[in-house]
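In terms of numbering that gives the first Met the number 0, the sequence shown has 123 at position 124, counting the first letter as 1, and numbering is strictly consecutive. Glycine included, C-beta positions come from ideal geometry on N, C-alpha and C. Data block below; observations after.
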Amino acid sequence: MIKKAVIPAAGYGTRSLPITKVIPKEMFPICGKPAIHYVVEEAVASGIEEILIVISRTKNLIMDYFDHSLELEAFLERVNKTHLLKKTKVPNVHIQYVRQSHAKGLGDAISLAKPFTGDEAFAVLLPDDIFLGTPALSELMEVHEKHHSNVIAVKEVAAEHLKDYGVIKGRLTVDGVYDISDIVEKPVSNPPSNLAVTGRYIFTSSIYRKLNDLHPGTGGEIQLTDAIRDVLGSEKCLARISSGERFDIGKEEEYIKLIQSINQA
Ligand code: G1P
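What follows is the structure, encoded as structure tokens:
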């Protein structure tokens, strides 16, 4: 059973400038809660008991948000507004933090989690991607419990958008999951399929050895996708198509659609 999850939240959020100069994209409000609240909820709903959030110097708001608001709670009790206490609650899960000192990429951020996960298999949730419906991570958990392998969430994406994603090549197996034979980060041409990686992963600890050996890839960053490709030589990596609807909050139209979908639910 996977009990630990890593949420990398150290990026600059350049797609959402200028607001991300001062507000981390993980703190963008979605119906009164910050985006990362939904991601932590998904992790807890999938059985995660301990979370490591990788932050950077400008992301202290995230730590503040998940901290207890003792003064606020005392104030609400004093002024007889105890009905609002439930609104101060955050998901009941142990959260710790590590700082990435240099923005060297997603792969580098994940490598900082090694002391937290040790040799256990662990989950990764990218907080730009928010799912409604069945928690995408819980679907990966089912596959991991059966195969004990690395597992990645994917979705079919229109051809013109594949250049924005990690894209897998895989063979559909009798279990309805894909056995991955190749993966490419943001292919500029000839994507290996229309199955794009959508920000939920389960890894065995082998990923760390591959991350340590990497040179900077696409965009001059240490790419998680490159480490996954290196893992394929020695370990099985499966992909499952998520059934839930996915929204990328770095894209304004999807951010707005997400808020509308929650309001209509
Ligand atoms: C990251 C990953 C990419 C994945 C995407 C999903 O890219 O590197 O493989 O498809 O997340 O959101 P980013 O969007 O951080 O550039």
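Rounding to the nearest angstrom, what Cα-Cα distance links residue 286 and residue 146 in this structure?
This structure cannot settle anything about residue 286, because the visible part of the chain is limited to 0 through 264.
Is residue 164 near the ligand G1P - that is, is its Cβ less than 7 Å away from at least one heavy atom of it?
As a first step, residue 164 is located in the sequence shown; it is residue number 165 there, counting from the start. Yes, the beta carbon of residue 164 sits closer than 7 Å to at least one heavy atom of the ligand G1P.
CB of residue 127 to nearest heavy atom of the ligand G1P: below 7 Å?
Taking the first residue of the sequence shown as position 1, residue 127 is located at position 128. Flag set: Cβ of residue 127 near the ligand G1P.
Alpha carbon of residue 135 to alpha carbon of residue 199, nearest angstrom
Translated into the one-based positions of the sequence shown, residue 135 becomes position 136. Translated into the one-based positions of the sequence shown, residue 199 becomes position 200. When rounded, the distance between both Cα atoms is 7 Å.
Beta-carbon proximity check, residue 54 vs residue 61, cutoff 8 Å
Locating residue 54 in the sequence shown gives position 55, where the first residue counts as 1. Locating residue 61 in the sequence shown gives position 62, where the first residue counts as 1. Between residue 54 and residue 61, the C-beta spacing is below 8 Å.
If you compare alpha carbons, which of 137, 25, 219 and 117 is closest to residue 128?
Taking the sequence shown and counting its residues from 1, one reaches residue 128 at position 129. Nearest option by C-alpha distance: 25.
Residues in the same chain with beta-carbon distance under 7 Å from residue 216, minus the five sequence neighbours each way, listed in chain order, please.
Counting from one through the sequence shown, the residue named residue 216 turns up at place 217. So the qualifying residues of the chain are 184, 222 and 225.
Please go through the same chain and pick out, in chain order, the residues whose beta-carbon is closer than 8 Å to the beta-carbon of residue 262, but skip the five residues on each side of it.
The count along the sequence shown starts at 1 and reaches residue 262 at position 263. Around residue 262: 30.
Looking only at its own chain, which residues have a Cβ that is under 6 Å from the Cβ of residue 170, when we skip the five neighbours before and after it?
As a working note, residue 170 is residue 171 in the sequence shown. Excluding positions up to five away in sequence, the list reads 178.
Could you check which residue in 195, 152, 168 and 105 has the C-alpha nearest to that of residue 238?
For the purposes of this step, residue 238 is taken as the residue at position 239 of the sequence shown. Considering only alpha carbons, the answer is 152.
Residue 212 Cβ short of 7 Å to the ligand G1P heavy atom set:
Position 213 of the sequence shown, counted from the start, is the residue given in the question as residue 212. Residue 212: no, Cβ never under 7 Å from the ligand G1P.
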